[in-house]
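Student: Under our numbering, the letters of the sequence shown match residues 189 to 494, in that order.
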Amino acid sequence: MALLTPLFAFLYHLPQVYKWLLKPYYVASLFMSVAFLLVRKTPGICEHLSTQREDGNPCDFDWREVEILMFLSAIVMMKNRRAITVEQHVGNIILFCKVANVILFFRLDIRMGLLYLTLCIVFLMTCKPPLYMGPEYIKYFSDKTIDEELERDSRVTWIVEFFANWSPECQSFASVYADLSLKYNCAGLKFGKVDIGRYGEVSKKYKVSTSPLSKQLPSLVLFQGGKEVTRRPQVDKKGRAVSWSFTEENIIREFNLNELYQKSKKLNKTKGEKSEKVNELHFPPVPEEEEEPESQEVEKETKKDK
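1) Please report the Cβ distance between Arg-129 and Cys-234, rounded to the nearest whole angstrom; I am assuming they are in contact, meaning their Cβ atoms lie under 8 Å.
2) For the candidate residues Arg-299, Gln-404, Gly-301, Leu-260, whose alpha-carbon lies nearest to that of Leu-283?
3) With the cut-off set at 8 Å, would you say Leu-377 and Tyr-449 are in Cβ contact?
4) Can you look up Trp-251 in the DSSP assignment and give me helix, strand or coil?
5) Mind checking who Tyr-328 pairs with in its DSSP beta bridge?
6) Does Lys-425 come out as helix, strand or coil in the three-state DSSP assignment?
7) Using CA coordinates, which residue listed in Tyr-325, Lys-426, Tyr-214, Leu-370 is at the minimum distance from Cys-315?
8) In terms of DSSP beta bridges, what is Arg-419 paired with?
9) Kindly indicate the opening and closing residues of the beta strand (DSSP E) around Val-348.
10) From this set, Ile-326, Arg-441, Met-313, which residue's C-alpha is nearest Leu-370's C-alpha?
11) What's the C-alpha gap between Lys-403 and Ser-355?
12) If distances are taken between C-alpha atoms only, which option among Met-313, Arg-299, Val-409, Gly-414 comes closest to Lys-381?
13) Which residues in the same chain as Trp-251 place their Cβ atom closer than 8 Å to its Cβ, once the five residues preceding and following it in sequence are excluded?
14) With a cut-off of 8 Å, do at least 3 Cβ pairs link the region 330–341 to the region 386–404?
15) Quick check: the Cα distance between Met-313 and Phe-294, rounded to an integer number of angstroms?
16) Can the beta-carbon of Gly-414 be found closer than 8 Å to that of Leu-338?
17) Judging by CA-CA distance, which residue of Leu-368, Gly-301, Ala-429, Asp-383 is the nearest neighbour of Pro-323?
18) Considering Gln-359, what are the terminal residues of the alpha helix (DSSP H) in which it resides?
19) Could you tell me the alpha carbon to alpha carbon distance between Asn-446 and Ile-440, rounded to whole angstroms?
20) Classify Pro-406: buried if its beta carbon has 16 or more other beta carbons within 10 angstroms, exposed otherwise.
What follows is the structure in structure tokens.
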């Protein structure tokens, strides 16, 4: 089942995957992921490599290399069990392929291992995965606007995502959060985001750690009347985040989005009724002209004839 789930998800999103693969970041990542395979299988290069195969064929994997690849494949499958988007599946595969390449190159030749590791570090520092640019109903806060916006109207419920652009988990979650905003955004239920990697004071005030080891990125917090009501992932007494899966179903259930949305629709109706009453007070209806009786009209006509 662990194998079939990512496979079905990949096939379902295959047209979208093609668009990702054409982006420079993924093209370079895929090339680096299969670097050892290319070196081991390319004629003219593989003949000069060392091998531990009994037949002495340097252009094929030896038993130790196969063992390393199988072990890392098992880790990828375990890691992908918690992935919720195709981006996360592809990102996990690319990450562990690079790890496998580092181990295999160092085992083959320490100079090749150092060269490949240097390329990975340079790539990590200079290239970032593309950000989500699809449709969304999300307001982006800064350190100066978040408090003012949350406290502006006590009737409005806010769901705010605390994220960092450098976090792969936040990048993968962006499309899920955008879909939720498209489905549930209304006058009484709004969605916001704040980059705590950029605004450090916000992370301290709302107690969201930006450390890569904290597992608090992303964090979703529901505010009502400017006060925190629900937070996921939860944080224990020692300040550690409790493991939680950011699937759309989990978010809808834990934050009661369906119930909140229904209440927000009622709030919209009451706002509309109040605005109509205000318009009636400012602009009273124009009185209609009274119709004259038929007898008076006949008298007027006889006078004119005379």
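In this text, a Cβ means the ideal position worked out from N, Cα and C, and glycines have one as well.
Tutor: Here's the rundown:
1) Given a span of 189 to 494 for the chain in the structure shown, any question on residue 129 remains unanswerable.
2) Leu-260
3) yes
4) helix
5) Lys-381
6) coil
7) Tyr-214
8) Val-409
9) 345–351
10) Ile-326
11) 10 Å
12) Val-409
13) Gln-240, Arg-241
14) yes
15) 22 Å
16) yes
17) Leu-368
18) 356–372
19) 7 Å
20) buried
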